[in-house]
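A short write-up of the structure that comes next.
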Amino acid sequence: MAEWYTGPKSIAMHLIDLRGKYGVVFGAANQRSIAWAIARVLHDAGATLALTYQNQRLKEWVARLVHDWEGPVLLECDVATDEQIAAVFEELGRRFGALSFVVHSVAYANREDLEGAFSRTGRQGFRTALEISAYSLVPIVRHAAPLMEKDGGSIVALTFNASQRVYPEYNVMGTAKAALEQEVRQLAFELGPRNIRVNALSPGPLDTLASRGIHGFLDMKRIHAERAPLRRNVTHEEVAKAALFLLSDLSSGITGTVLPVDAGYHIMGV
Ligand code: NAD
Numbered sequence: 015m016a017e018w019y020t021g022p023k024s025i026a027m028h029l030i031d032l033r034g035k036y037g038v039v040f041g042a043a044n045q046r047s048i049a050w051a052i053a054r055v056l057h058d059a060g061a062t063l064a065l066t067y068q069n070q071r072l073k074e075w076v077a078r079l080v081h082d083w084e085g086p087v088l089l090e091c092d093v094a095t096d097e098q099i100a101a102v103f104e105e106l107g108r109r110f111g112a113l114s115f116v117v118h119s120v121a122y123a124n125r126e127d128l129e130g131a132f133s134r135t136g137r138q139g140f141r142t143a144l145e146i147s148a149y150s151l152v153p154i155v156r157h158a159a160p161l162m163e164k165d166g167g168s169i170v171a172l173t174f175n176a177s178q179r180v181y182p183e184y185n186v187m188g189t190a191k192a193a194l195e196q197e198v199r200q201l202a203f204e205l206g207p208r209n210i211r212v213n214a215l216s217p218g219p220l221d222t223l224a225s226r227g228i229h230g231f232l233d234m235k236r237i238h239a240e241r242a243p244l245r246r247n248v249t250h251e252e253v254a255k256a257a258l259f260l261l262s263d264l265s266s267g268i269t270g271t272v273l274p275v276d277a278g279y280h281i282m283g284v
């Protein structure tokens, strides 16, 4: 796993050529972030990228990740703030002129809303989880679409199987992911005539900052590996390769879909 974070260029560079394409990835916090895994394959495939970070505290981490990139564009964006989202896309318009893809890899819920009885979820906690994890895709797409006007584009959000199944300890985040997936369908319908595609990836459990905050995460990961048809967990690289597919012309006929990258776990009953 360590090699994936820091090692030689990934297989992406052999799969597809994204030179001359511009994109933005929301949600890199550290070397374990799914956003970073995706950014790496896009970069290796030749894309020019901007990465956003949530706040000044995370800026240093993200800057370290891209230390060997030529002129990386790093922009602060707390997705709770409309002004910051607008400012990011203004800056991208100035720097890149056009965008080919956007990755939304952002989620947040208060810890108390991920644990215990779901019926105890408070109004404010519900609002926070839905606003950060689901609503934020809407203004991001609204600002991205005009920059994709010329050649179309591809947008990918990150969801989880708890949108449709009960995962104890996931609670309000399951509700947020259900909302996010419906947004993907609605946005795909709205933007299809402009050749802008909107899809979601639904990875199995991966070790990240966010997932380690979920009580019982390691058990969940073990159970996935035991029961999934491939009898293992997926890797960051496998999720990133699926993102590369959805963000590139390889998937030109696909929009409005949720693609599980979970070693097949989602097909299982008992
Ligand atoms: P992560 O902690 O590395 O990424 C989550 C990101 O969300 C962080 O960069 C954090 O800064 C950002 N964020 C939170 N609140 C924000 C705000 N107000 N404004 C801007 N950014 C904010 O964890 P991750 O697991 O890579 O999560 C990325 C996405 O993948 C999430 O949508 C998550 O639900 C989804 N996902 C994760 C897993 C998993 O097992 N790790 C599985 C399926 C889906």
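Okay, so the sequence shown: first residue is 15 according to my numbering, each after it adds one. Ideal Cβ placement from N, Cα and C applies to all residues, glycine included. This one's a predicted model, so the numbers in the text were calculated from it and none came from an experiment.
Each of D263, G278 and G267 was checked against the Cα of E240, and the nearest Cα belongs to G278. Residues S225 of the same chain have their beta carbon placed closer than 6 Å to that of F231, with the five preceding and five following residues left out of the count. Under the three-state reduction of DSSP output, S47 falls in the coil class, being neither helix nor strand. Counting only residues of its own chain and dropping the five nearest sequence neighbours on each side, P219 has a CB closer than 8 Å to the CB of S225, F231, M234, K235, H238 and N247.
Around the beta carbon of S266, fewer than 16 other beta carbons sit within 10 angstroms, so the residue counts as exposed.
The straight-line gap separating the alpha-carbon atoms of E204 and K191 is approximately 20 Å. In the three-state reduction of the DSSP assignment, H238 falls in the helix class, which pools H, G and I. The C-beta distance from V87 to A143 rounds to 29 Å, too long to fall under 8 Å, and the pair is not in contact. Three or more beta-carbon pairs separated by less than 8 Å are not found between the stretch 136-155 and the stretch 55-73, which leaves the two stretches without contact. With a contact defined as Cβ atoms closer than 8 Å, E145 and T173 miss out at about 16 Å.
Counting only runs that start and end inside the stretch 53-81, the beta strand (DSSP E) elements of at least 3 residues fall at 62-67. Applying a distance threshold of 5 Å between residue Cβ atoms and the heavy atoms of the ligand NAD selects G41, A43, S47, I48, Q68, D92, V93, A94, S119, V120, A121, Y122, I146, L172, F174, P217, P219, L220, T222, L223, A224 and S225, given in chain order.
DSSP places A257 in the helix class (H, G or I) of the three-state scheme. By the Cβ test, the stretch 209-218 is in contact with the stretch 249-269, since at least three Cβ pairs between them sit closer than 8 Å. Residue pairing by DSSP places I169 opposite V116 and V212 in a beta bridge. DSSP places P153 in the uninterrupted alpha helix (DSSP H) bounded by L151 to A158. Judged by beta-carbon spacing, L89 lies beyond the 8 Å limit of V80, meaning their Cβ atoms are not closer than that value. Our two residues, S262 and D127, have alpha carbons roughly 36 Å apart in a direct line. DSSP places P207 in the helix class (H, G or I) of the three-state scheme. Counting every other CB atom within 10 Å of its CB across the protein chains shown gives T95 a total below 16, marking it as exposed.
For V102, no beta strand (DSSP E) run applies; the uninterrupted alpha helix (DSSP H) run containing it begins and ends at D96 to F110, by DSSP.
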